[in-house]
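Participant: Chains as they are written, first to last, in full-length UniProt numbering: chain A, 1 to 446; chain B, 1 to 413. Cβ coordinates follow ideal geometry from the N, Cα and C atoms, glycine included.
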């Protein structure tokens, strides 16, 4: 629920050997908090180290007996923590410290520093433990080989060096114990075992649920609007109109598309198929459901944004009848709430349980819903900034396939011509590291 | 009610733990929650089996009867535990969705036998999730005994009871990973929680729910927003402001809470985003020196096309809908609006908030929404919801205690 007790600051610190998914967890949590409307940021120890010590660090740099390197690394970690504290002091709500933090001493220092900097700050420690060598190898392959540290090595050399680096850390690794008196969550082997110690509070409880359900299965999420509706044709908002003739044709072609996409019975039975309770979505879904022989779940949570007193009007009529509202909406499409209706911010809050469910699922997800709703869902997985949400392009007669991976989200748009069934595909691979909006000044800004 | 997939499989929740660890309390709360969100859920326990068996002496507590050397009692206990398991199986084989089992589960062998019984007798897909409550804090155990056990014990003293538990503890085997069970261990009422092999939507929800439980008996106040002009005109829905009388009543409400809360500013204070809710909460909040959190989750039920009409107008314009609503008031959905089931779903996050709060909770909202919240604490079946009485200018004070919920109502005039 948005807005619960903003006055309390939260600091989250990760603990764990390299390649245990700490950065993955940090980024996911960061995304989740920003999505819920909190000001959240991740401070990555590794990035500070790269910025200050350079990227030419092989595993010997991480030898705990290498005093000079130890001092350098310790200084970098202190900087990251200071930046986090500054961030929280300057209006930030949640600061996430992404680092190994594997000794009791280090954790003790950080906890003290945080507690003495703020009155009533809530700290949460998240330790990721993994003994499964396959998972670790996979993590290394997916995330480390392309790491700036290894730009001068080939992947085999990089892997060997990285495994050596892990061995360095293992020498001094101390898992969190209860006598450290910290609020912590330990997740072992990607959620097979979870331990929660002294975690209380609204947001912290939410974090526990979120982490319990995290996984790294690359499952696809299909988003499509209902076929063209009568109101679409008349250019009216709201209402509960049915499909137009073109819309019905789209439903057929959509069913064909999904039929090709999910060839076997096992795959079909495993799909999570969601739609809204509005006629246009239900009818579109029913056509697909029949062809695939699966049942959609109709959720009111996925109903289109409630346009209140403007229900059934065209934009021209709204401009004439409610000129002030029309103007207001133009200026602030995100926060503007239709009288007796909803705003985009309300929508974002409303669909949170659905997002949670999708995060949790390890099976393909198929959602047939509405423009505003899909804008919100799309933005969450694609990591768009919230102010962008109301203007995202989610056209009719188009299936958007998202495949979220560790640090980026694959996207494929399939535009289906409702009359001819002709398909045109647009693929886009957006790597988080190279998002064009942030001109990368240094590693620390990542 | 289909909020999410009515699971393709049935769910069995098995409770494990020594006496006075809160198993009954946990099963009671879980059962209430699951029924409220729409599942058909029931508890099967030794106590329950005993109550159903008229041949047994109902004055003896077979679940807890203290003499460990009494072979006959041990046999009866075994039998009752077995009966409860069989009744559980029948329940799930017919139309039950979720069954909670509170029987003999303290040793690995007991649990093995239970697993085998389910495997043998259940002819459909099912999942078992084990919930263990562990406690080594003597104060907590003492509290548990005081609150719940002593009423069941006429002759025994607390000391005798503690001794009994210590005897049982010698043979008690906590859940271990090697048993290959999916479980959650709650230690010292959630101070430490361990989860192993968590799987599935429902189990995930149950874990989230359990993480928020605690043993503080704090008050929950449910109040309607005060009078508006819509009340005077007999109109439903809308977003009207408070009338002059409404504002006066809000002042009186504020005065009442000044007395009641005795200066406690740490309360959990929620209201809706409707004008009447916000205004009432502002006046009350000003008196108490606190601000309410406004959430759309507490907005009144959406009356759809009937919004803003008087009761007579609706009867005239939409007789078919009136008939439908009379036939099935719980599931009836106002066209382009909501049903009570939709409201329950909408209000669920608030229940989590209330459960989590260890301080008093004050909620200023509206009739239909409050009916749903009230039902969570008081009703055994959600089809009672439409008939619940939530009068205006009345503070409903609920204090949930183990197995129960105390209620008192105060009319503010």
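Classify residue 349 of chain A as helix, strand or coil using the three-state DSSP reduction.
Facilitator: If you number the first chain from 1, residue 349 of chain A lands on position 349. Three-state result, residue 349 of chain A: helix.
Participant: Near residue 440 of chain A, which residues of its chain fall below 6 angstroms by C-beta distance, leaving aside the five closest residues on each side in sequence?
Facilitator: Walking along the first chain from the start, residue 440 of chain A turns up at place 440. Residue confidence for residue 440 of chain A is low, a pLDDT of 46 falling below 50, so the modelled location carries little weight and cannot support an answer.
Participant: Against residue 414 of chain B, what residues of chain A qualify as contacts under a CB-to-CB distance less than 7 angstroms, listed in chain order?
Facilitator: Residue 414 of chain B cannot be examined here, being either before or after the span of chain B that is shown, 1 to 413.
Participant: If you pair each beta-carbon of the region 397-411 of chain B with each one of the region 206-214 of chain B, do three or more pairs fall below 8 angstroms?
Facilitator: With a cut-off of 8 angstroms, the region 206-214 of chain B and the region 397-411 of chain B do not count as touching, because too few Cβ pairs lie within range.
Participant: If we define contact as Cβ-Cβ less than 8 angstroms, is residue 39 of chain B a contact residue for chain A?
Facilitator: Numbered from its first residue, the second chain carries residue 39 of chain B at position 39. No, its Cβ sits nowhere closer than 8 angstroms to a Cβ of chain A.
Participant: Closer than 9 angstroms by beta-carbon distance: list the chain B residues that pair up with residue 132 of chain A, in chain order.
Facilitator: Locating residue 132 of chain A in the first chain gives position 132, where the first residue counts as 1. Near residue 132 of chain A there are no residues of chain B at all, since even the closest Cβ is about 15 angstroms away, more than 9 angstroms.
Participant: Short check: CB of residue 269 of chain B to CB of residue 293 of chain B, under 8 angstroms?
Facilitator: Sequence index remark: in the second chain, residue 269 of chain B carries index 269 (1-based). Sequence index remark: in the second chain, residue 293 of chain B carries index 293 (1-based). Contact: yes.
Participant: When you compare the CB of residue 1 of chain A with every CB in chain B, is at least one pair closer than 8 angstroms?
Facilitator: Locating residue 1 of chain A in the first chain gives position 1, where the first residue counts as 1. Note that residue 1 of chain A scores a pLDDT of 41, beneath 50, so its modelled location is shaky and nothing firm can be said.
Participant: In whole angstroms, give me the CA-to-CA distance for residue 322 of chain A and residue 236 of chain A.
Facilitator: Along the first chain, one-based indexing puts residue 322 of chain A at 322. Along the first chain, one-based indexing puts residue 236 of chain A at 236. Cα to Cα, residue 322 of chain A sits roughly 15 angstroms from residue 236 of chain A.
Participant: If you run the structure through DSSP and keep just helix, strand and coil, what is residue 306 of chain A?
Facilitator: Your numbering for residue 306 of chain A matches position 306 in the first chain. Coil, per DSSP.
Participant: Return the Cβ separation of residue 223 of chain A and residue 25 of chain A in integer angstroms, given the expectation that the two are a contact with Cβ distance under 8 angstroms.
Facilitator: As a first step, residue 223 of chain A must be located in the first chain, where it is residue number 223. As a first step, residue 25 of chain A must be located in the first chain, where it is residue number 25. That pair is no contact at about 25 angstroms.
Participant: How about residue 194 of chain B and residue 205 of chain B: are their beta carbons less than 8 angstroms apart?
Facilitator: Looking up residue 194 of chain B in the second chain gives position 194. Looking up residue 205 of chain B in the second chain gives position 205. No, Cβ-Cβ distance for residue 194 of chain B and residue 205 of chain B is not below 8 angstroms.
Participant: Would you check if the distance between the CB atom of residue 284 of chain A and the CB atom of residue 227 of chain A is smaller than 8 angstroms?
Facilitator: Here residue 284 of chain A is taken as the residue at index 284 of the first chain, counted from 1. Here residue 227 of chain A is taken as the residue at index 227 of the first chain, counted from 1. The answer is yes: Cβ separation under 8 angstroms.
Participant: Could you name the residues of the same chain whose beta carbon sits closer than 8 angstroms to that of residue 534 of chain A, not counting the 5 residues immediately before and after it, in chain order?
Facilitator: Here chain A comprises residues numbered 1 to 446, so residue 534 of chain A is not present and cannot be evaluated.
Participant: Out of B:161, B:51, B:379, B:306, state which residue places its alpha-carbon closest to the alpha-carbon of residue 235 of chain B.
Facilitator: In the second chain, counting from the first residue as 1, residue 235 of chain B sits at position 235. Of B:161, B:51, B:379, B:306, the residue nearest in Cα terms is B:306.
Participant: Excluding five sequence neighbours on each side, which residues of the same chain lie with their C-beta closer than 7 angstroms to the C-beta of residue 212 of chain A?
Facilitator: Along the first chain, one-based indexing puts residue 212 of chain A at 212. The residues are 191, 194.
Participant: From which residue to which residue does the beta strand (DSSP E) around residue 102 of chain B run?
Facilitator: As a position in the second chain, residue 102 of chain B is number 102, starting the count at 1. 98-102 is the extent of the beta strand (DSSP E) around residue 102 of chain B.
Participant: Within 8 angstroms (strictly less), CB to CB, does residue 262 of chain A reach chain B?
Facilitator: Walking along the first chain from the start, residue 262 of chain A turns up at place 262. Residue 262 of chain A does not count as touching chain B.
Participant: Quick check on residue 54 of chain A: does DSSP put it in helix, strand or coil?
Facilitator: On the first chain, residue 54 of chain A is found 54 positions in, with the first residue counted as 1. Three-state DSSP puts residue 54 of chain A in coil, outside helix and strand.
Participant: Starting from residue 89 of chain A, follow the alpha helix (DSSP H) in both directions and report where the run begins and ends.
Facilitator: Looking up residue 89 of chain A in the first chain gives position 89. It spans 67-89 - the alpha helix (DSSP H) in which residue 89 of chain A sits, taken as one unbroken run.
Participant: Which of the three DSSP states, helix, strand or coil, is assigned to residue 73 of chain B?
Facilitator: Residue numbering aside, residue 73 of chain B sits at position 73 when the second chain is read from its first letter. Three-state DSSP puts residue 73 of chain B in a helix.
Participant: Nearest CA to the CA of residue 272 of chain B: which residue from B:328, B:251, B:342, B:363?
Facilitator: Here residue 272 of chain B refers to the residue found at position 272 of the second chain. Measuring from the Cα of residue 272 of chain B, the nearest candidate turns out to be B:363.
Participant: Are residue 283 of chain B and residue 265 of chain B touching if we call contact CB-CB under 8 angstroms?
Facilitator: The sequence position of residue 283 of chain B within the second chain is 283, counting from 1. The sequence position of residue 265 of chain B within the second chain is 265, counting from 1. No, these two residues do not count as a Cβ contact at 8 angstroms.
Participant: Taking the continuous beta strand (DSSP E) assigned at residue 400 of chain B, which residues delimit it?
Facilitator: Working through the second chain from its first residue, we reach residue 400 of chain B at position 400. Looking at the DSSP string, the run of the beta strand (DSSP E) that includes residue 400 of chain B is 394-401.
Participant: Using the DSSP secondary-structure output, state which residues sit across from residue 13 of chain B in a beta bridge.
Facilitator: For the purposes of this step, residue 13 of chain B is taken as residue 13 along the second chain, with counting starting at 1. Residue 13 of chain B is bridged to B:100, B:129.
Participant: Would you call the CB atoms of residue 13 of chain B and residue 165 of chain B closer than 8 angstroms?
Facilitator: Your numbering for residue 13 of chain B matches position 13 in the second chain. Your numbering for residue 165 of chain B matches position 165 in the second chain. Result no, Cβ atoms of residue 13 of chain B and residue 165 of chain B do not sit closer than 8 angstroms.
Participant: Taking only runs of the beta strand (DSSP E) that begin and end inside the region 326-413 of chain A, which ones reach a length of at least 3 residues, in chain order?
Facilitator: You should have 365-369, 398-404.
Participant: Consider the Cβ of residue 235 of chain B: report whether some Cβ of chain A lies at a distance smaller than 8 angstroms.
Facilitator: Walking along the second chain from the start, residue 235 of chain B turns up at place 235. Chain A contact via Cβ: absent.
Participant: Report buried or exposed for residue 169 of chain B, applying the criterion of at least 16 other Cβ atoms within 10 angstroms of its Cβ.
Facilitator: Here residue 169 of chain B refers to the residue found at position 169 when the second chain is read from its first residue. Exposed is the call here.
Participant: What separation, rounded to the nearest whole angstrom, lies between the Cα atoms of residue 11 of chain B and residue 138 of chain A?
Facilitator: Position 11 of the second chain, counted from the first residue, corresponds to residue 11 of chain B. Position 138 of the first chain, counted from the first residue, corresponds to residue 138 of chain A. Using only the alpha carbons, I get a separation of about 34 angstroms.
Participant: Out of B:82, B:402, B:412, state which residue places its alpha-carbon closest to the alpha-carbon of residue 28 of chain B.
Facilitator: Along the second chain, read from residue 1 onward, the residue named residue 28 of chain B stands at position 28. Ranking B:82, B:402, B:412 by Cα distance to residue 28 of chain B puts B:402 first.
Participant: Taking the beta strand (DSSP E) that residue 495 of chain A belongs to, which residues open and close that run?
Facilitator: Because chain A is modelled from 1 through 446, residue 495 of chain A falls outside the range shown and cannot be assessed.
Participant: Assuming the contact rule is C-beta atoms closer than 8 angstroms, residue 219 of chain A and residue 364 of chain A should be a hit. Round their C-beta distance to whole Å, please.
Facilitator: By one-based count along the first chain, residue 219 of chain A stands at place 219. By one-based count along the first chain, residue 364 of chain A stands at place 364. That pair is a contact at about 6 angstroms.
Participant: Would you please state the rounded distance, in angstroms, between the beta carbons of residue 246 of chain A and residue 418 of chain A? I believe it to be under 8 angstroms.
Facilitator: On the first chain, position 246 is the one that residue 246 of chain A refers to. On the first chain, position 418 is the one that residue 418 of chain A refers to. So it is a contact: roughly 5 angstroms between Cβ atoms.
Participant: Do you know whose CA, among B:387, B:191, B:304, B:172, lies nearest residue 178 of chain A's CA?
Facilitator: Mapped onto the first chain, residue 178 of chain A falls at position 178. Selected option, being the one with the closest Cα: B:191.
Participant: Using three-state DSSP, classify residue 225 of chain A as helix, strand or coil.
Facilitator: Along the first chain, read from residue 1 onward, the residue named residue 225 of chain A stands at position 225. Note: residue 225 of chain A maps to strand in three-state DSSP.
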